[in-house]
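Number of protein chains: 2
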Amino acid sequence: MAVTPHGRRTRDAIVDAAAELMYVNGVSGTSVDKVLAASGAGKSQMYHYFKNKDQLVEAVIDRYLEEILGKQPIIRELTSWPDFDRWAEQILTLHRGPSGPIACPLGNIAGELGDDPRVRALLDRAYLEWESHLTNGLNTLRDNGSLHPDADPARLAQATMACLQGGLLLGHIRNDITPIEDSLRIAVAHLRSHAS
Amino acid sequence: MAVTPHGRRTRDAIVDAAAELMYVNGVSGTSVDKVLAASGAGKSQMYHYFKNKDQLVEAVIDRYLEEILGKQPIIRELTSWPDFDRWAEQILTLHRGPSGPIACPLGNIAGELGDDPRVRALLDRAYLEWESHLTNGLNTLRDNGSLHPDADPARLAQATMACLQGGLLLGHIRNDITPIEDSLRIAVAHLRSHAS
DNA sequence: CTTTTGTTGTACTGATTGGTACAGCGACGG
DNA sequence: CCGTCGCTGTACCAATCAGTACAACAAAAG
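Residue numbers (my numbering), protein chains in the order written: chain P, 1 to 196; chain L, 1001 to 1196.
Encoded structure:
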């Protein structure tokens, strides 16, 4: 299915509107009609670019990952322990904004659709890509002797992600940044406990 | 609104069916009709005991909290550091079962409806009650000299809950217990780092 | 100019949504 | 034995749901 620049813009507008609505109202709480009304597109456009609503959700998940990674650019260049501290600080800065601590859009979908095997696989892939940047950073540290050779970078990254996700969840419903601060601090301290 | 034992049973059946369906398919993905079909009740019964679907969701949240606390009875009698280890082990045992790592039903709802201020408050209350048992345990430890006097039990409990929630989320979508193991281990180790 | 290809507007469908109306049921107290 | 009160079954409603049908548009390629 070829696509012209103009068509590309229309498709993006649909995904944008869907991403925002689904973040606020959940996936099941966001009808296709509302998405189209918010994006200004028509129904024929929606079903021209997506086979069905599920496929739109897939595109939204990808969009979420892009957004998330774009807001923490430091994660792509972790080469020292202070870099990890700066990464944590970059995340905290995001949540100190006027809109308060914000939930992780991937986590939102995980709760609602985590039992659907198809969605679960997509979310797993997204989280793994997110984590992979942490894993890469830890590998770099291990190579330059900052991380203990016996440490398992992938597993450490997974644990870090787990703590972060929980902090985001609790911080959001509590409208308080301290859960994010604490869980991130604990996670990074745990990483540094494997320093050599 | 008085209620007879028989009516009570009917109401419970509705809440039971709703709790299970909403855990699997999400709140918006669970229609009132499906709940009634699964519980064998009729529509007039549903709207006899609940003003609307939102009120049913509230009852479901309460039910979730009861279930959760019932499955980790040790949390009510934490009086030593080994008790915390046993608590963590009790949770892990739950998720080593045949159905694999299971998501936290409260976390599921948090993702889907966390932006609704009303639901958010209910979830906050539920999480606080859950945490309160950890806080009580830490207070006991502080009183008997096992926890450093300067430690903040409530905040420590909050951080523990955050790590646990994240571990549950990641463990569920990854169908792997290691995120829960690691995040719980990290959280309890962090607690013990404040021992005196 | 013509044809193809990507794009779009409008109208429509059958199913499902949350919620209501209302009559009838059964048990229990006077 | 009768009235009240809690409980229940059925039918119904307007609104919304995901998805389809189809004609028409624009632009670029031939």
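For every residue, glycine included, the Cβ atom is placed at its ideal position computed from N, Cα and C. This structure is a prediction, so every number in the text was calculated from the model and none was measured.
Status (buried if at least 16 other CB within 10 Å, exposed otherwise) for residue i
i	result
residue 1112 of chain L	buried
residue 179 of chain P	buried
residue 1159 of chain L	buried
residue 1190 of chain L	buried
residue 1100 of chain L	exposed
residue 1029 of chain L	buried
residue 1037 of chain L	exposed
residue 1114 of chain L	buried
residue 3 of chain P	exposed
residue 153 of chain P	buried
residue 66 of chain P	exposed
residue 1017 of chain L	buried
residue 89 of chain P	exposed
One or two residues paired with residue i in a DSSP bridge
i	result
residue 147 of chain P	P:195
C-beta atoms of residue i and residue j nearer than 8 angstroms
i	j	result
residue 1014 of chain L	residue 1055 of chain L	no
residue 1173 of chain L	residue 110 of chain P	yes
residue 146 of chain P	residue 81 of chain P	yes
residue 167 of chain P	residue 1040 of chain L	no
residue 1094 of chain L	residue 1126 of chain L	no
residue 163 of chain P	residue 1151 of chain L	no
residue 140 of chain P	residue 157 of chain P	no
residue 1087 of chain L	residue 1074 of chain L	yes
residue 1122 of chain L	residue 1186 of chain L	no
residue 57 of chain P	residue 27 of chain P	yes
residue 149 of chain P	residue 142 of chain P	yes
residue 1103 of chain L	residue 1169 of chain L	yes
residue 83 of chain P	residue 137 of chain P	yes
residue 1023 of chain L	residue 1144 of chain L	no
Amino acids of chain L, ordered along the chain, whose beta-carbon sits closer than 7 angstroms to that of residue i
i	result
residue 80 of chain P	Those do not exist, as residue 80 of chain P stays about 22 angstroms from chain L at its closest Cβ, beyond 7 angstroms.
residue 24 of chain P	1115
Chain-ordered neighbours of residue i on chain P, where CB pairs are closer than 7 angstroms
i	result
residue 1063 of chain L	In chain order: nothing, as chain P lies at least about 17 angstroms away.
residue 1029 of chain L	28
Same chain, Cβ closer than 7 angstroms to residue i, five either side skipped, listed in chain order
i	result
residue 76 of chain P	133
residue 1032 of chain L	1046, 1053
residue 1171 of chain L	1095, 1101, 1177, 1179, 1180
residue 43 of chain P	36
residue 71 of chain P	94
residue 1131 of chain L	1157, 1158, 1161
Cβ-based neighbour list, residue i, same chain, cut-off 6 angstroms, excluding 5 preceding and 5 following
i	result
residue 11 of chain P	49
residue 1064 of chain L	1105, 1106
residue 1059 of chain L	1015
residue 79 of chain P	140
residue 1098 of chain L	none
Residues that residue i contacts on chain P, provided the C-beta gap is smaller than 8 angstroms
i	result
residue 1123 of chain L	173
residue 1183 of chain L	159, 162, 163, 166
residue 1186 of chain L	159, 163, 186, 187, 190
Beta-carbon proximity list for residue i, same chain, < 8 angstroms, skipping 5 on both sides
i	result
residue 1096 of chain L	1177
residue 175 of chain P	100, 101
residue 1085 of chain L	1188
residue 1194 of chain L	1147, 1148, 1151, 1156
residue 1092 of chain L	1177, 1180, 1181, 1184
residue 1116 of chain L	none
residue 1192 of chain L	1081, 1084
Cross-chain neighbours of residue i in chain L, by beta carbon under 8 angstroms
i	result
residue 109 of chain P	1111
Residue i CB to nearest heavy atom of the ligand SAM below 7 angstroms
i	result
residue 168 of chain P	What this structure holds is no ligand at all, so the ligand SAM is not there to describe.
Neighbour list for residue i in chain P, Cβ cutoff strictly below 9 angstroms
i	result
residue 1120 of chain L	172, 173, 174, 175
residue 1103 of chain L	110, 111, 114, 115
residue 1094 of chain L	Going along chain P, no residue has its Cβ under 9 angstroms from residue 1094 of chain L, so there is no contact; the nearest lies around 17 angstroms.
residue 1178 of chain L	155, 158, 159
residue 1127 of chain L	170, 173, 174
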